[in-house]
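If you count by this note's numbering, then the sequence shown holds residues 3 to 433, one letter each, in order.
Glycine included, C-beta positions come from ideal geometry on N, C-alpha and C.
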Amino acid sequence: MTDGQPGSRVLTRPEPSRTYRWAVLLAMSLAVYGSYYAFDCIGPLAPLLSRQLHFSDSNIGLLQAIFSFPNIVMVLIGGIIIDRIGAKKAVFLFGSTTFVGLVITSLTPHLAVMACGRLVVGVGAESLAIATIAGNARWFRGKELSLSYGVKATIERFGTLSAQTSPAWAAAAYAYWQWPLFVAVAFGGFCVIGASLYWILESRAEKRYELGPEGNSDNIVWRDAFTFSRSFWLIVLMCVTFYSGVFPFLTFAQKFLIQAKHTTPQAASLLVGMLPGFTMIGTPLFGLLADRVGKRSLLMIFGSLLLIPVYLMLAYTDVPLAIPMSMMGVAFSLVPAVMWPCIAYVVEERRLGFAYGVMDAVQQAGLVCANLTIGWSNDHFGASPANPAGYAPGMWMFSSVGIVALVFAIWLRRVETGPHAHGLETITTHG
Numbered sequence: 003m004t005d006g007q008p009g010s011r012v013l014t015r016p017e018p019s020r021t022y023r024w025a026v027l028l029a030m031s032l033a034v035y036g037s038y039y040a041f042d043c044i045g046p047l048a049p050l051l052s053r054q055l056h057f058s059d060s061n062i063g064l065l066q067a068i069f070s071f072p073n074i075v076m077v078l079i080g081g082i083i084i085d086r087i088g089a090k091k092a093v094f095l096f097g098s099t100t101f102v103g104l105v106i107t108s109l110t111p112h113l114a115v116m117a118c119g120r121l122v123v124g125v126g127a128e129s130l131a132i133a134t135i136a137g138n139a140r141w142f143r144g145k146e147l148s149l150s151y152g153v154k155a156t157i158e159r160f161g162t163l164s165a166q167t168s169p170a171w172a173a174a175a176y177a178y179w180q181w182p183l184f185v186a187v188a189f190g191g192f193c194v195i196g197a198s199l200y201w202i203l204e205s206r207a208e209k210r211y212e213l214g215p216e217g218n219s220d221n222i223v224w225r226d227a228f229t230f231s232r233s234f235w236l237i238v239l240m241c242v243t244f245y246s247g248v249f250p251f252l253t254f255a256q257k258f259l260i261q262a263k264h265t266t267p268q269a270a271s272l273l274v275g276m277l278p279g280f281t282m283i284g285t286p287l288f289g290l291l292a293d294r295v296g297k298r299s300l301l302m303i304f305g306s307l308l309l310i311p312v313y314l315m316l317a318y319t320d321v322p323l324a325i326p327m328s329m330m331g332v333a334f335s336l337v338p339a340v341m342w343p344c345i346a347y348v349v350e351e352r353r354l355g356f357a358y359g360v361m362d363a364v365q366q367a368g369l370v371c372a373n374l375t376i377g378w379s380n381d382h383f384g385a386s387p388a389n390p391a392g393y394a395p396g397m398w399m400f401s402s403v404g405i406v407a408l409v410f411a412i413w414l415r416r417v418e419t420g421p422h423a424h425g426l427e428t429i430t431t432h433g
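Following this line, the structure appears as structure tokens:
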């Protein structure tokens, strides 16, 4: 059976059923679910680290920044590893690494050891996410690609929701700084369980079904390794600026809400939990919308516009906190649902793992700088219950990077409506 197009592959075995594809997606998502909890467990713990271990905001920013620091390089290496050994083996390798890092982080109150543990978590978790994105492209390219990414993101963001709301559903664990980290270790077990299930499902499928090809790093010509299109680089720049306006905020969000807005710890955790709550519902819906109507850069423009006023509303107004948090939730549902699948349209499949590695490396560099800068800003301007205005400079920083993200989204729209378009505005999938 062929598709009638030049160069199409002859299928000697049947393609996997839709049910089987979605079962594979569920297994991959379960692995990253655990890693998302690992990433977000520091934010809810920040007030406790400050109170019991006397960590400064710079120390807390370091714990989050060091998660990203090795990935400035490691996700490039991880992308090459994924292209060489395949997503199946890579998911298991990086899922196991994430679990080991969580164990190290929980062992001692010494900042240096905790930071080393967070570094190991970062090495595993980000490459794990890249491996599952590459795996997702293999299983869903030409089918429900954006929808599948959205569903995967919903499951994964439940890890963020679980972490951010843990002071509410696991309030007893927040009596002592170490206990929430033990909870994180338990959630890290899903990284290994999901990776094992994915390994089993794909191994069976390779014997029974016709699967899409995987990349091979031997095919990469290194002098051409970074010769990606303008659209690719605009998506990358959009990614780093947009995420730099969200993730570092989440590092300090609960501390900010408690100290500057005088909420209870439980209320703060639920307010921050609105963000992943929105993404769990909105990301697959926006992914489905992108599959059906295209207009991907236009959708990202709208998401960026929605994010910009959020932080100034939090800093200078008394509007109900649920309003700006809801706006952030919609923006954070929309932009990633559209942005990450776009890479599969602007990069050839043999370099897909490496391309996602490049994108994530730039993102991680931005997050390192943003987390350290916000931590320094809060300390420098004396952010505290007695001086809530000390948080305002950081809020201006978040809004500023949101404006830059908007500029890149508009630029991408211009490219993708011109002669060098890759179809981001026109490609639709109805199957």
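Next item on the list: Give the DSSP-derived three-state secondary structure of G247 in the structure shown.
Entry: For this step, residue 247 is matched to residue 245 along the sequence shown. DSSP places G247 outside both helix and strand once states are collapsed to three, so it counts as coil.
Checklist line | Distance, F244 Cα to S164 Cα | finding: Indexing the sequence shown from 1 puts residue 164 at position 162. Indexing the sequence shown from 1 puts residue 244 at position 242. So the alpha carbons of these two residues sit roughly 23 Å apart.
Check: Given 8 Å as the limit, is there contact between the region 359-378 and the region 54-68, that is, 3 or more CB pairs closer than that?
Finding: Contact holds: three or more Cβ-Cβ distances are below 8 Å.
Notebook entry, point to check: Roughly how many whole angstroms lie between the Cα atoms of V105 and D42?
Noted result: On the sequence shown, position 103 is the one that residue 105 refers to. On the sequence shown, position 40 is the one that residue 42 refers to. Annotation: V105 to D42 spans about 15 Å, alpha carbon to alpha carbon.
Check: In the DSSP assignment, what are the bridge partners of S386?
Finding: What you label residue 386 is simply residue 384 of the sequence shown in a count that begins at 1. Beta bridge pairing from DSSP links S386 with N389.
Next item on the list: Entirely within the region 288-351 and at least 4 residues each: give me those alpha helix (DSSP H) ranges in chain order.
Entry: Listed in chain order, the complete alpha helix (DSSP H) runs (minimum 4 residues) inside the region 288-351 are 298-309, 312-318 and 324-348.
Item checked: Cβ-based neighbour list, L28, same chain, cut-off 6 Å, excluding 5 preceding and 5 following -> For the purposes of this step, residue 28 is taken as residue 26 along the sequence shown, with counting starting at 1. Closer than 6 Å at the Cβ level, and outside the excluded window around L28, lies no residue.
Notebook entry, point to check: Using CA coordinates, which residue listed in V406, P267, E427 and P16 is at the minimum distance from K209?
Noted result: Here residue 209 refers to the residue found at position 207 when the sequence shown is read from its first residue. Minimum Cα distance to K209 is reached at P16.
Margin query: Assuming the contact rule is C-beta atoms closer than 8 Å, D59 and F230 should be a hit. Round their C-beta distance to whole Å, please.
Written below: Residue mapping note: residue 59 aligns to position 57 of the sequence shown, counting from 1. Residue mapping note: residue 230 aligns to position 228 of the sequence shown, counting from 1. For D59 against F230, the beta-carbon gap comes to about 37 Å, at or over 8 Å, which does not count as contact.
Margin query: Please return the same chain residues whose Cβ sits closer than 7 Å to the Cβ of A170, not counting the five positions on each side in sequence.
Written below: Locating residue 170 in the sequence shown gives position 168, where the first residue counts as 1. Taken in chain order, the residues that qualify are Q268, S271 and L272.
Check: Considering only the beta carbon of each residue, do T431 and K145 sit closer than 9 Å?
Finding: Counted from its first residue, the sequence shown places residue 431 at position 429. Counted from its first residue, the sequence shown places residue 145 at position 143. Closer than 9 Å, so yes.
Check: Can you list, in chain order, the residues of its chain whose CB lies under 6 Å from that of S37, leaving out five sequence neighbours each side?
Finding: Numbered from 1 along the sequence shown, position 35 holds the residue referred to as residue 37. Cβ neighbours of S37 within its own chain (closer than 6 Å, five residues either side excluded): T100, A127, L130 and C193.
Check: From this set, F356, F410 and Q366, which residue's C-alpha is nearest G80's C-alpha?
Finding: As a position in the sequence shown, residue 80 is number 78, starting the count at 1. For G80, the nearest C-alpha among the options comes from F356.
Item checked: the region 50-58 contacting the region 144-158, beta-carbon criterion three pairs below 8 Å -> Counting Cβ pairs under 8 Å, fewer than three are found: no touch.
Next item on the list: Starting from the Cα of A333, find the closest Cα among T319, E350, Y313 and V349 and give me that residue.
Entry: Start at 1 with the first residue of the sequence shown, and residue 333 comes out as number 331. It is Y313.
Notebook entry, point to check: Can you find a heavy atom of the ligand COA that lies under 8 Å from the Cβ of A174?
Noted result: The ligand COA is not among the ligands present in this structure, which contains no ligands whatsoever.
Notebook entry, point to check: Just checking my contact of P278 with F160 at CB under 8 Å: how many whole Å lie between their CB atoms?
Noted result: One-based indexing of the sequence shown puts residue 278 at position 276. One-based indexing of the sequence shown puts residue 160 at position 158. Between P278 and F160 a beta carbon distance of about 7 Å is seen, short of the 8 Å cut, so the two are scored as contacting.
Item checked: Sequence-distant residues of its chain with Cβ nearer than 8 Å to H422 (five each side left out) -> For the purposes of this step, residue 422 is taken as the residue at position 420 of the sequence shown. Once the five neighbours on either side are set aside, the close Cβ partners of H422 are S231, R232 and S233.
Item checked: Every unbroken beta strand (DSSP E) inside the region 3-81 [3 residues or more] -> Counting only runs that start and end inside the region 3-81, there is no beta strand (DSSP E) element of at least 3 residues.
Margin query: With H, G and I counted as helix, E and B as strand and the rest as coil, what does DSSP make of Y211?
Written below: One-based indexing of the sequence shown puts residue 211 at position 209. Residue state, collapsed to three classes: coil.
Check: What's the C-alpha gap between S402 and G191?
Finding: Indexing the sequence shown from 1 puts residue 402 at position 400. Indexing the sequence shown from 1 puts residue 191 at position 189. If I take the Cα positions, the gap works out to 38 Å.
Item checked: Distance between F142 and R2 (C-alpha atoms, nearest Å) -> Given a span of 3 to 433 for the chain in the structure shown, any question on residue 2 remains unanswerable.
Next item on the list: Using beta-carbon positions only, say whether L408 and L307 come within less than 9 Å of one another.
Entry: Here residue 408 refers to the residue found at position 406 when the sequence shown is read from its first residue. Here residue 307 refers to the residue found at position 305 when the sequence shown is read from its first residue. Cβ distance < 9 Å, so L408 and L307 count as in contact.
Notebook entry, point to check: Contact check, P18 vs Y211 under 8 Å by CB: the rounded distance?
Noted result: Within the sequence shown, residue 18 is the residue found at index 16, counting from 1. Within the sequence shown, residue 211 is the residue found at index 209, counting from 1. With 8 Å as the limit, P18 and Y211 qualify as a contact, their Cβ atoms being about 4 Å apart.
Next item on the list: Would you decide whether A197 is buried or exposed? Buried here means 16 or more other CB atoms lie within 10 Å of its CB.
Entry: Taking the first residue of the sequence shown as position 1, residue 197 is located at position 195. Flag for A197 reads buried.
Item checked: Beta-carbon spacing of V348, H424 below 9 Å -> Counted from its first residue, the sequence shown places residue 348 at position 346. Counted from its first residue, the sequence shown places residue 424 at position 422. Their beta carbons are under 9 Å apart, which means V348 touches H424 by this criterion.
Notebook entry, point to check: If you drop the 5 nearest sequence neighbours on each side, which residues of the same chain put their C-beta closer than 6 Å to that of A68?
Noted result: Here residue 68 refers to the residue found at position 66 when the sequence shown is read from its first residue. For the sequence presented, residue 68 should be read as Ile rather than Ala. Sequence-distant Cβ neighbours of I68 in its own chain, meaning closer than 6 Å and more than five residues away, are A117, R120 and L121.
Next item on the list: Specify the secondary structure class of L109 as computed by DSSP and reduced to three states.
Entry: Taking the first residue of the sequence shown as position 1, residue 109 is located at position 107. Here L109 sits in coil by DSSP.
Next item on the list: Helix, strand or coil for K263, going by three-state DSSP, please let me know.
Entry: To locate residue 263, count along the sequence shown from 1; it is residue 261. The DSSP-derived three-state label of K263 is coil.
Item checked: Separation of N380 from Y393, as counted between CA atoms -> As a position in the sequence shown, residue 393 is number 391, starting the count at 1. As a position in the sequence shown, residue 380 is number 378, starting the count at 1. If I take the Cα positions, the gap works out to 6 Å.
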